[in-house]
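Notes for the one structure printed next.
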Amino acid sequence: MTLVLREYNGRAAPGRLSVFRDVETALEHLCDHVLTWPEGEGWADILPTYRDRIGIARPKARFLFATNLWKEAPPGSSCQWLYDEYADAIVASVDSTTYTGWTWIDPTEPRDTLAFGPSGVLVIFTSSRVRTAYLPGRGTPFIAEEGSSASFAGRSRVSNPLPRESSRTAEGKPEAESPSRGMRRNVTERSGRGSAGTPWEVRDEERLERRYHIFKDCARAVRKVMRNALYRERGRRAQRGPLEIPLLDLEKWEELVGLGAGRPQSQDDERKESGESP
Amino acid sequence: MKALRQEAVDLIASEAHAIVSTWKRVKGIADLAVHNAVDVLACWGALRRFDPHLVRRETLQELDDAVREDGELLARAVPEGLDPDEWIRAVEELAIETDSATEAGSERDVEERALRLFCELDDADLAAWGARYVAGSRKSASLEEPLEELMRGLARCWGAFANDPSLFLPAAPYADGLLSAFRKDLLRFDPELHGTSQKFRLLADVNARTSGSLDADPMPMSREEWEAMRSLRCRHELCYAAKEKGPITPLDAECLRFQANDGSWYGSLVVPREASGKVTIGVYERDGTRVAKGEMRFLGLPLVPVADGEGEISRAEDFKNARMANPDPGIELVRGNVASKGRIEW
């Protein structure tokens, strides 16, 4: 069965917003953000069943899962559940701006609107579709391959479905190292959490703290990008730049997440709850 | 101008409470504690680096209290949470990404990544400063070795940064904003904290040069700066050495400062690690101009003049032997018949 794309029709967007242009784009973003490490590590704490359903800490398991998305016919037919979880997080982030106000126009690309959710997910969308959704400060670039540009153009996703994580041969063997995480060491892996064969069991309150940690890191990254844009644009623009995302402390963030949890995610959901057909 | 400076301070200050309160909640969760410890000490250092008139006392107090209460725990976490070599690898990836970014989306990626890496280096510098501050005040010998290793790693990062600061130009507006709010007496207030600010100055220099608003080389240190730097081997010297001499990392060379005993001249000395290299020396008058031709001897070794105020010892081995043999490494500049002596700050 073909992957069914979600739409958002809530107050936070001007019209019906398709969660990605088409199936291929949706799969690309699933691969480049949700399934790619180290960003995927954050998604594993955000998406409800992702961690349990794929052996995510084993690169080979993720790689095989991602390869299969492109090999099967039609592409992505087996990952509706993962797309749905990703789309839920995207829609929730967009919708949350109705009560957080954390949305602004991209100063360098005015057709793009940005929405930052309490989960830490940053969504960039136009008037009709979501262009991308990621965890700011955790992403990785495409890995350049010898003799080619760093972009993925020209390479089949079947041979390398995760081009931001590593470049691979047609047989799926790694050609290059995984991308760098930057200065912050991956203490999680060293402590054994989430490693192959190790069940990930944490207390509920710890899970909350881990999710807050993602929000905090992403919010700080967004704040810096916004400040950089503000300083760059100063003098060229009459008014102050976009608003600043506040860095909430854990208690206030919990309140905000609680507020969001009780809200419908879109008008479609509202209709579902009231028994109306769309 | 004040509003701009205040905004820069507020960006960091408004994160302090969230960072401290998170630390209190997660200090028992190993992996989260490590990263939050870096955040606490980095935020602490960042606020102390600002003009104190712009920072609310209560904000700083909250961080002071956290450091007083958990200082050793925080300091121990810092070397564990930072990975300088991975940062250098990320800079190499940024260089590739910068070369190939052509579309709007990839330009945004490059900007975000450059900013992120710049801030990561600054946070690491500040956290290392904080950890050393704590270790020094508590005389904790067991912290010395991991912190020394971390400092060596960060010196390698500085080398990578100084080799091509233009990679970080997308972060220049942010760096300029913060730089405007640093305390003017930072060097006297805390020379090591001042050292962490040099990446901002270097990026501002490169940015100004790129945009055509700066065409002169950066001046060597003023007399006042020199006095404050006397006992410090500061990494920012490597930055300036790298700018003047080409790519130099602490693995390649050691950069030393020296000064006449009477303060009438001063300069820098780059000593390659490989014994076969050349020791190069640049000497300045107090006003910053190059010393005109004169015979220079260092540790009794004659220098081969290269240009006004510049000379070299062709074999680093000779310099090292002379340095080993001389317990008080005096240096000598002979101009005409007048010799004046100085000393190297190791």
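If you read the sequences in order, they're chains A and B. In terms of numbering that gives the first Met the number 0, the first sequence opens at residue 0 and continues consecutively. In terms of numbering that gives the first Met the number 0, the second sequence opens at residue 0 and continues consecutively. Think of the CB as a built atom: it goes at the ideal place given N, C-alpha and C, for glycine as much as any other residue.
- Contact annotation: in the region 22-33 of chain B, residues whose CB is within less than 7 Å of a CB in chain A are Arg-24, Val-25, Ile-28, Ala-29, Asp-30, Leu-31 and Val-33.
- Secondary structure within the region 19-69 of chain A: the alpha helix (DSSP H) runs of 4 or more consecutive residues, fully enclosed, are 22-28, 38-45 and 49-52 (chain order).
- Within chain A, no C-beta atom comes less than 7 Å from the C-beta of Glu-68(B); the nearest is roughly 18 Å away.
- Not one beta carbon of chain B lies nearer than 8 Å to the beta carbon of Asp-21(A).
- Looking at the backbone, the Cα of Ile-123(A) and that of Ala-88(A) are separated by about 13 Å.
- Proximity to Pro-78(B) across Lys-251(A), Cys-30(A), Met-182(A) and Pro-74(A) peaks at Met-182(A), based on C-alpha coordinates.
- For Ser-179(A), a Cβ of chain B is located within less than 8 Å of the residue's own Cβ.
- According to the DSSP assignment, Ser-76(A) belongs to no beta strand (DSSP E), since it is labelled neither H nor E.
- Bridge pairing for Met-295(B): Leu-332(B) [DSSP].
- Taking a Cβ-Cβ cut-off of 9 Å, Leu-142(B) has no neighbours in chain A, whose nearest Cβ is about 17 Å from it.
- Going by DSSP, Glu-68(B) is part of the alpha helix (DSSP H) stretching over 56-80.
- Across the structure, Tyr-211(A) and Arg-219(A) are spaced so that their CA atoms are roughly 12 Å apart.
- When beta bridges are read from the DSSP output, Leu-113(A) appears opposite Trp-103(A) and Ile-123(A).
- Across the structure, Gly-70(B) and Lys-26(B) are spaced so that their CA atoms are roughly 12 Å apart.
- Shown here for Arg-156(A): same chain residues with a beta carbon closer than 6 Å to its own, the five before and five after excluded, namely Trp-69 in chain order.
- A check of alpha carbon separations from Asp-111(A) across Thr-99(A), Phe-19(A), Glu-6(A) and Thr-125(A) identifies Thr-125(A) as the nearest.
- Nearest CB-CB separation between Ala-88(A) and chain B: not below the 8 Å threshold.
- Contact between Val-290(B) and Gly-308(B) is confirmed by a C-beta separation of about 4 Å, below the 8 Å threshold.
- Shown here is that no member of the region 179-205 of chain B has a Cβ falling below 9 Å from a Cβ of chain A.
- Residues are counted here when their Cβ sits less than 8 Å from a Cβ of chain A; for the region 120-136 of chain B these are Leu-120, Asp-122 and Ala-123, given in chain order.
- Taking 8 Å as the cut-off, the beta carbon of Pro-37(A) is found closer than this to the beta carbon of Arg-137(A).
- For Pro-145(B), the uninterrupted alpha helix (DSSP H) run begins and ends at 140-162, by DSSP.
- A straight line joining the alpha-carbon of Glu-253(A) with that of Asp-163(B) spans about 42 Å.
- For Thr-279(B), the enclosing beta strand (DSSP E) starts and ends at 278-284.
- Using beta-carbon distances, His-212(A) counts as an interface residue toward chain B, with a partner under 8 Å.
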